[in-house]
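What follows is a single structure, written as structure tokens, with notes after it.
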Amino acid sequence: MTPKIKQETTAMNGDEAVAFAVKQCDVDVVAAYPITPQTIIVEKFSEYVANGEVQTEFICTESEHSAMTACLAASATGARTFTASASAGLALMHEMLFVTSGSRTPVVMAVANRALSAPLNIHGDHSDSMAERDSGWLQIYVENAQEAYDSIIQAFKIAEEVGVSLPIIVGLDGFTISHTLERVDVLSEDVVKKFVGERQFPMVLTHEGKTVPFKLDPENPMTMGPNALQNYYFEFKRQQVEGMNNALKGIQEANSEYAKISGRSYGNGLIDPYKLDDAEIAIVCIGSTAGTLKVIVDQLREEGMKAGVLRLRTFRPLPVEELRNALKNVKAVAVMDKSMSPGGLGAPVFNEVRNALYDIKQHPIIVNYIFGLGGRDSSPRDLRRIFEDLTKIAKTGVAEKQVHYLGLRE
Amino acid sequence: MSSKEKTWKEISIAGVPPKSSIGFMTGDWKTYMPVRDLEKCTTCLTCVMFCPEGAIKWRPEMGKIEFDFSFCKGCGICANECPTKAITMKLPEE
């Protein structure tokens, strides 16, 4: 695919790429609190504000709980809103994440994924956003700085679509992506603004009997955040599920529309398969690990092994049908998790993927590899070992155990 | 739930209430209810000002005040504030 529009080649790390994308998206309000490894996003964006390069209202809050509250309130007035966080900061937002999704305010948040204390660790894993799995936020995980830039731009379009109207997390691996300088091709601001467009609003019926856009407006007063008890709470929660379902289509459309202006696409936007068509063994992962895995798959293919990779780009909503179609002919699948669920059977991505595949009559044997916690490096040799394990499982039809710890000193 | 309640497809998103609190009869929350002694009441309207629910209404055309028990939650603020102690909180069966 050739890019239709001229782009500028820059060198940015993932955090800078995020800040640059936000700068181009005509964002009205940014309320944030810095935390490693997301700090550069907030620092860089506050520079844009100080230099007068953006018209954005930048609110320095006293905590992440306040940052998310400010974002929710700003978004409720119709403002396009962005924030960023990680680890303990995201955990402090926990309460307000549910209020934001329940209030159907399409806040966009970059999460530079980082481990949670204790022991204290500032490095990359997915514990923080996986702990917010059920908060009602859309979740996209990117593979590199280029995709971080592209996905932030898409995120506004996806979240603000009338049928979706849900907040979205764009996850980038702490340090591996957030702090690593990479080549990032950027579009012109005009092109980005045109792609993202004006914020759209669903229509709601107010107490005055008027059908008006869903935003706080003195001309059309409405109550936001009322109580809904036994009689209606359940119905509003069901509506959020529908927003998620609609996002399955919205994410694919944003991905293909974006490809037309940039020449870049990430699978179908939901899953990003690599050499999976005739694969007998495959690894499912999220985030930057996919880059290393693709290199290994190339090597294994040269050696005659039918190996493939499926990068799960969209974790919420979970692309169930796409996962089933992509993996139905694979004999053995390893799902990689950079987080854990102590006391559970494996970790979140494994649980979700295995659950989705359960209903296929002849489903593959699926095992879990927990790895990279607290930023521990996973060498190509480690990852290659997973494919060797899968070959054995595919041959014998038996997995001796379901959950493995990769790169752990046993 | 009764059949009058709407489905998730019929209601506006995010809990925006089509009738606001007018359609939400909070009066059935109460245990005690205010009872006014007309002998003691001077129609000073203190209770009208203090009622947090707007459930005590001043009817100037009739020159009297009315309690709306559909919304009175039985909080007792009116009884507490009444300068002539004309309002007492009682169980409905009393």
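Chains R and P, in that order, give the protein sequences.
Heads up: the first sequence begins at 36 in my numbering, then just goes up one per residue.
Heads up: the second sequence begins at 13 in my numbering, then just goes up one per residue.
Even glycine gets a Cβ: it sits at the ideal position worked out from N, Cα and C.
Proximity test, Cβ basis, 8 Å: residue i and chain R
i	result
residue 29 of chain P	yes
residue 24 of chain P	yes
residue 13 of chain P	Low per-residue confidence applies at residue 13 of chain P: pLDDT is 45, beneath 50, and the placement is therefore not dependable, though the value from the model is reported in the following sentence. Yes - at least one Cβ of chain R is within 8 Å of the one on residue 13 of chain P.
residue 20 of chain P	yes
For residue i, the first and last residue of its enclosing alpha helix (DSSP H)
i	result
residue 361 of chain R	355-362
residue 100 of chain R	99-111
residue 400 of chain R	From DSSP, residue 400 of chain R is part of no alpha helix (DSSP H) but of the beta strand (DSSP E) over 400-406.
residue 415 of chain R	415-431
residue 72 of chain R	Per DSSP, residue 72 of chain R belongs to no alpha helix (DSSP H) and is neither H nor E.
residue 386 of chain R	383-392
residue 336 of chain R	324-337
residue 307 of chain R	Not the alpha helix (DSSP H): residue 307 of chain R falls in the beta strand (DSSP E), residues 306-309.
Contacts that residue i makes with chain R (C-beta to C-beta distance below 7 Å)
i	result
residue 17 of chain P	266
Option nearest residue i by Cα separation, candidates the options
i	options	result
residue 190 of chain R	R:285, R:220, R:295	R:285
residue 317 of chain R	R:342, R:176, R:224, R:184	R:342
residue 394 of chain R	R:407, R:369, R:363	R:363
residue 19 of chain P	R:295, R:268, R:63	R:268
residue 278 of chain R	R:385, R:350, R:224, R:198	R:198
residue 26 of chain P	R:196, R:227, R:261, R:62	R:261
residue 94 of chain R	R:75, R:116, R:226, R:426	R:116
residue 4 of chain R	R:445, R:170, R:120	The requested residue 4 of chain R is not part of the displayed model; chain R covers only 36 to 445.
residue 402 of chain R	R:307, R:205, R:421, R:396	R:421
residue 340 of chain R	R:311, R:81, R:73	R:311
residue 67 of chain R	R:60, R:59, R:80	R:80
residue 228 of chain R	R:347, R:257, R:57, R:429	R:57
residue 41 of chain P	P:84, P:95, P:52	P:84
residue 106 of chain P	P:36, P:44, P:99, P:90	P:44
residue 486 of chain R	R:232, R:231, R:258, R:200	A query on residue 486 of chain R cannot be resolved here, the shown segment of chain R reaching from 36 to 445 and no further.
residue 35 of chain P	R:88, R:263, R:186, R:230	R:263
residue 59 of chain P	P:37, P:79, P:33, P:103	P:79
residue 404 of chain R	R:271, R:44, R:376	R:376
residue 73 of chain R	R:86, R:381, R:208	R:208
residue 24 of chain P	R:246, R:255, R:223	R:246
CB contact check: residue i to chain P, cutoff 8 Å
i	result
residue 273 of chain R	yes
residue 352 of chain R	no
residue 375 of chain R	no
residue 248 of chain R	no
residue 263 of chain R	yes
residue 199 of chain R	no
residue 134 of chain R	no
residue 137 of chain R	yes
residue 65 of chain R	no
residue 173 of chain R	no
residue 253 of chain R	no
residue 240 of chain R	yes
residue 47 of chain R	no
residue 415 of chain R	no
residue 195 of chain R	no
residue 103 of chain R	no
residue 130 of chain R	no
residue 92 of chain R	no
residue 270 of chain R	yes
Interface residues of chain P facing residue i [CB-CB closer than 9 Å]
i	result
residue 110 of chain R	Going along chain P, no residue has its Cβ under 9 Å from residue 110 of chain R, so there is no contact; the nearest lies around 11 Å.
residue 260 of chain R	26, 27
Chain-ordered chain P contacts of residue i [CB-CB under 8 Å]
i	result
residue 113 of chain R	Those within 8 Å of residue 113 of chain R in chain P number zero; the least Cβ separation is about 14 Å.
Boundaries (first-last residue) of the beta strand (DSSP E) holding residue i
i	result
residue 320 of chain R	316-320
residue 71 of chain P	68-71
residue 190 of chain R	Per DSSP, residue 190 of chain R belongs to no beta strand (DSSP E); it is in the alpha helix (DSSP H), 180-195.
residue 285 of chain R	Element bounds for residue 285 of chain R: not the beta strand (DSSP E) but the alpha helix (DSSP H), 268-297.
residue 440 of chain R	438-441
Contacts of residue i in chain P (Cβ-Cβ under 7 Å)
i	result
residue 237 of chain R	25
residue 459 of chain R	Outside the shown range of chain R, which is 36 to 445, sits residue 459 of chain R, and nothing can be said about it.
Neighbour flag for residue i against chain C, beta carbons, 8 Å
i	result
residue 17 of chain P	Checking the listed chains, one finds no chain C in this structure; the protein chains it contains are R and P.
Does the count of Cβ pairs from the region 251-267 of chain R and the region 429-437 of chain R closer than 8 Å reach three? no
Kindly confirm or deny that the region 300-317 of chain R and the region 146-166 of chain R touch, where touching means at least three C-beta pairs closer than 8 Å. no
Segment contact, 8 Å Cβ cut-off, at least three pairs: the region 96-110 of chain R with the region 129-145 of chain R: yes
Determine contact between the region 405-419 of chain R and the region 233-240 of chain R, defined as no fewer than three beta-carbon pairs at a distance below 8 Å. no
Hey, is the region 173-191 of chain R in contact with the region 285-296 of chain R, meaning 3+ C-beta pairs nearer than 8 Å? yes
Is the region 85-101 of chain R close to the region 122-136 of chain R, with three or more CB pairs under 8 Å? yes
Could you tell me whether the region 48-56 of chain R touches the region 205-216 of chain R, using the rule of 3 or more Cβ pairs below 8 Å? yes
Would you check if the region 162-176 of chain R and the region 349-356 of chain R touch, i.e. whether three or more CB-CB distances between them fall below 8 Å? yes
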